[in-house]
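In my numbering, the protein residues as written are 464 to 702. Below you'll find the structure, written out as structure tokens, and then a few comments.
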Amino acid sequence: MKIASVINLLEKTLGAPKQKRDAPNPVDLLVATLLSQNTNDHNSHRAYANLKRIFPTWEDALGASTKKIASAIRVGGMAAQKSKRIKEILHTIRDRYGSIDLTSLRRMEISQAMEELQTLKGVGKKTAACVILFSFRKPIFPVDTHIHRILNRVGIVRTKTPEKTFDAMQSLVPPQKMYSLHTNLIRFGRMVCKAQNPLCGACVLYDLCEYQDKEKFALSREGKKGDSEKVHFMLLDNV
Ligand code: SF4
């Protein structure tokens, strides 16, 4: 099956990623994922680090004004909107669970935890699935815009939105390979199958890829192996 070949080829090229010994706290992960929206990894990481430095506990952040939170996360962009969202979420979690803690959701079935997390304002399928995969270490395959793009180019799915790709992929990826494929596709999308100018000429998936422009990009200067080694990024389970 094509998906098995993609998993194998990416593991051979990028390695089989291993999860850290300690799973990240689910609230930390949730906030880090929200901060990663519409910005690059470097800036979202700086925004998260600032937030944690200024507000060592989530109770501290909840007690602060949105203005102060916005000032702490300004480097990550859309600070006014994100600070409001973070406060709302912290508030809801404390009111609903008695403290700013989501560890009780770990005991739920995956589908139930997905539903519960998505009732938090601003939390969609991708963010909810990231919490379940990274913090609860349960088999689910989160899909962001980059993973959606790659899987459509390769021809694993033919879908219009990341949400539709998410739905299609849950039964296609073996549960024990969900973390590996998710992590390697994020890396692969930043190093090789970029949104603009993919490096098709240096791509291990070239032979099985169905992207109609792959030959054009393989021949172009941008399509040859370039600065992929210079890419640095933060994986979400490193929060
Ligand atoms: S051949 Fe090009 S479009 Fe296809 S997966 Fe590789 S980099 Fe992406």
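For glycine and all other residues, C-beta sits at the position ideal for the given N, C-alpha and C.
- Item | Beta-carbon gap between C672 and V617 smaller than 7 Å | yes
- Task: Can you check the region 511-588 for any alpha helix (DSSP H) of at least 4 residues that lies completely inside it and give the ranges in chain order?
- Result: 521-526, 529-536, 542-560, 573-581
- Query: Within 10 angstroms of its Cβ, does M641 collect 16 or more other Cβ (buried), or is it exposed?
  - Reply: buried
- Item | Within 7 Å, strictly: CB atoms of M541 and N501 | yes
- For the alpha helix (DSSP H) holding P638, just list the boundary residues, first then last. No alpha helix (DSSP H) holds P638; DSSP gives it neither H nor E.
- State the start and end residues of the unbroken alpha helix (DSSP H) segment that holds M464. First-last for M464: undefined, no H or E at that position.
- Buried or exposed (CB count within 10 angstroms, at least 16 for buried), N647: buried
- Do L492 and S567 have their C-beta atoms within less than 7 Å of each other? no
- Task: Could you tell me whether the region 526-539 touches the region 495-514, where touching means 3 or more Cβ pairs closer than 8 Å?
- Result: yes
- Task: Measuring alpha carbon to alpha carbon, tell me which of K627, P638, I517, D676 ends up nearest R600.
- Result: P638
- Item | V694 in three-state terms, based on DSSP | In this prediction, V694 scores a pLDDT of 40, lower than 50, which makes its location untrustworthy; the coordinate-derived value is nonetheless stated afterwards. Correct three-state label for V694: coil.
- Where E626 falls: helix, strand or coil (DSSP): helix
- Query: Should L614 be listed as close to the ligand SF4, given that the test is whether its C-beta is under 6 Å from any heavy atom?
  - Reply: no
- Task: Indicate whether I552 and A576 have their beta-carbon atoms separated by less than 7 Å.
- Result: no
- Query: Measuring from the CB of P661, is there a heavy atom of the ligand SF4 at a distance below 6 Å?
  - Reply: yes
- Task: For D607, count neighbouring Cβ atoms within 10 angstroms of its own Cβ and tell me buried if that reaches 16, exposed if not.
- Result: buried
- Message: What I want to know is whether the C-beta of V490 ends up closer than 6 Å to one or more non-hydrogen atoms of the ligand SF4.
- Response: no
- DSSP three-state call for D485: helix, strand or coil? coil
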